[in-house]
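Asks: Structure in C-alpha cells, see below.
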Amino acid sequence: MLLTTKLINSKNIFISSNPLPSAKGHQRTKGKNPLRMNNNAKDLLAKYHAGTATDEEKQLVENWLLHGNNGPLDISENEFNSDLDELRDRMEEATFMPQRRKLWPRIAAAASILIALGVGGYYFIHKEQPQQLAVNRPLQHDVAPGKNTATLTLANGQKIILSNALTGQIAKEVGVNVTKTANGGIVYTIADNNEADANQFNTLITAKGETYKVNLPDGTQVWLNAASSLTYPTRFTGAYRKVRLTGEGYFEVAKDKAHPFIVSADKQDVTVLGTHFNVNAYNNEPDLKTTLLEGSVKISNRGQSAVLKPGQQASVQWSDEKIRVAVTNTKQAVAWKDGEFIFEHTELKTLMRQVARWYDLDIVYKGDIANDEFNGEISRDVNLSKMLHILESGDVHFKIITENNKKKLIITP
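Using full-length UniProt numbering, the first residue of the sequence shown is number 1, and each one after it goes up by one.
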C-alpha cells in the first residue's frame, strides 16, 4: 500500500500535482478526458463533494483524479476557495472514518481536486483540528503516546524515576552533580575539586513508551528512544570516551580530537571525534543501523570496518554480520527524535515494531496479513487510535484489547 499523502498531526496534507499511480479497478479513459470536455464539470464536482453523485458520475470524477489529469476545471477562483473549505472538512472526516477500501489512495484522489486551477507544483493546506473528531467507531482501550521520562540508576544502585524528580539537582556523586533541567533532560557537571571517580558508571533506561535526553560530562548530548539504555562513566578519563548503548540513540558528540568517542552497541563499535549520528541497535530488528548526519564515523564489527560520510548508513545484519554502506534518508532515521514517525517504503511489520515500542503494547497478528508498504509522516504526539484510523484500510484492521493489565494490538485482514 502506498500512502500518497503526507500527514502531520492529522492536520496538514501536502499535495503533489504530479500524476498519481493507477488504482485497481480504474481503467484509464482513452483519448480526451470526458470530464475536462464537460461544460457541467463544476456541477459534477459539487455533486461528488456532496456525496450525491451516481456511481457512474463518481467513476468519471475518480478516473480524472486518479490518473493525474490536473488540467483546469470550469470553476472560478472564488468558487474554488469555497469548495476548498468544504472539501478540507470532508477530507479531515475521511481521515478518521472507518474505510471499506484503502484509505490513502482515496485521500490522494480527493486531494487532487485541490490542485490550484491546473497550475503545477504544490499546494499546502492547513486546518486547525476541530474540537470533536468525526470518528464513527472509536477504538476502545485507547493508548496515549509515549512521554518524556526515564529511570536513572546511579553508581550506588539508587534508582531515580526522572518524571517524578523536581527540576534542579537530583543527585550528587563523588565530584559530579546531576541536574534535571526545566525542559526535561539531565546534565552532568564536574565539580571544581575534580574528585570524580572514573570507575563510577550511571545507566539511563527508557522503557517502552519513554524517551529522554542526557548531557554527558564531556558535553556530548544523547537522545534515547523508547526501550533503550545508555551506560556511561560519570567522568571520562583515559585515551577515549566510551559508552554502551542498547536500543536506539541519537548522538551529538562534543569535539575532542585527543579523546575519540566510542559507542559500543552489541558487537559493533562506532568511533568518532565530534559528529552527529544515530545508532539503531534493537535486537528485534533484522539489522543494526548507524546513520551519519554530520562529520565522520568509523564502524567496526568483528574485524571489519567502514568509514561513513554524511548521508550514509551502515547496516549489519545479525545473520551474517557484514557491514553494508548505502546512502539513506537521514531525516527518516532521526524522525523519532523530532517527534515524528516517517515511513518510506516501510513494511507493515517494521512499522508496527516502532508503534509497539512507542505506545508500550504487544502486537498480535491473526490471519494472513499482507505486509504492505507505507509512505508518509505522522506525529508521535497522537493517541494510538488516531494513528490506527489513518493506517487502517481494506487490507488490515486493528483492535486494542487489555489482558492482565497489558495492552495488545490485534491485527487482522
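Where is the CB? At the ideal position from N, CA and C, for every residue including glycine.
1) Touching or not, the region 225-242 and the region 373-386, by the rule of three or more beta carbon pairs under 8 Å?
2) Assign Leu166 to buried or exposed, taking buried as 16 or more other Cβ atoms, counted over all protein chains shown, within 10 Å of its Cβ.
3) The alpha helix (DSSP H) spanning Val364 covers which residue range?
4) Relative to the C-alpha of Thr179, which candidate in Ala239, Gln169 and Phe398 has its C-alpha closest?
5) For Ser352 and Ala335, I'd like the C-alpha separation in whole angstroms.
6) Go through its chain and collect everything with a Cβ distance to Ala254's Cβ below 7 Å, but skip five positions before and after it.
7) For Val174, which of helix, strand or coil comes out of DSSP?
8) When DSSP labels each residue in this structure, what does Trp318 get in the three-state scheme?
9) I'd like to confirm the pairing. Which residues does DSSP put opposite His276 in its beta bridges?
10) Determine which residues share a DSSP beta bridge with His397 and list them.
11) If contacts are defined as beta-carbon pairs under 8 Å, then Tyr188 and Val174 qualify, I think. What distance do you get, rounded to the angstrom?
12) Near Asn371, which residues of its chain fall below 8 Å by C-beta distance, leaving aside the five closest residues on each side in sequence?
13) For Thr291 and Thr330, which I take to be in contact (beta-carbon distance under 8 Å), what is that distance rounded to the nearest angstrom?
14) Can you tell me the Cα-Cα spacing of Glu340 and Gln354, whole angstroms?
15) How close, in whole Å, do the beta carbons of Thr328 and Gln304 come, if the pair is a contact with beta carbons under 8 Å?
16) Please return the same chain residues whose Cβ sits closer than 6 Å to the Cβ of Thr149, not counting the five positions on each side in sequence.
17) Could you give the residue range of the alpha helix (DSSP H) that holds Thr330?
18) Can you give me the Cβ contacts of Ile342 inside the same chain, cut-off strictly under 7 Å, excluding the 5 residues immediately before and after it?
19) Taking the alpha-carbon of Ala144 as reference, which of Ile410, His397, Glu373 and Leu361 has the nearest alpha-carbon?
20) What three-state label does DSSP hand Lys386 in the structure shown?
Replies: Short version:
1) no
2) exposed
3) Here Val364 belongs to no alpha helix (DSSP H); instead the beta strand (DSSP E) covers Asp362 to Tyr365.
4) Gln169
5) Residue identity check: residue 352 is Met in the sequence provided, not Ser. Those two C-alpha atoms are separated by around 16 Å.
6) Asp218, Gly219, Thr220 and Gly274
7) coil
8) coil
9) Glu252 and Glu294
10) Thr412
11) About 13 Å separates the two Cβ atoms, so there is no contact after all.
12) Glu347, Leu348 and Lys349
13) 6 Å
14) 11 Å
15) The pair is not a contact, with the Cβ atoms about 19 Å apart (cut-off 8 Å).
16) Leu162, Ser163 and Glu210
17) Thr330 to Ala333
18) Lys331, Gln332, Ala335 and Glu377
19) Leu361
20) helix
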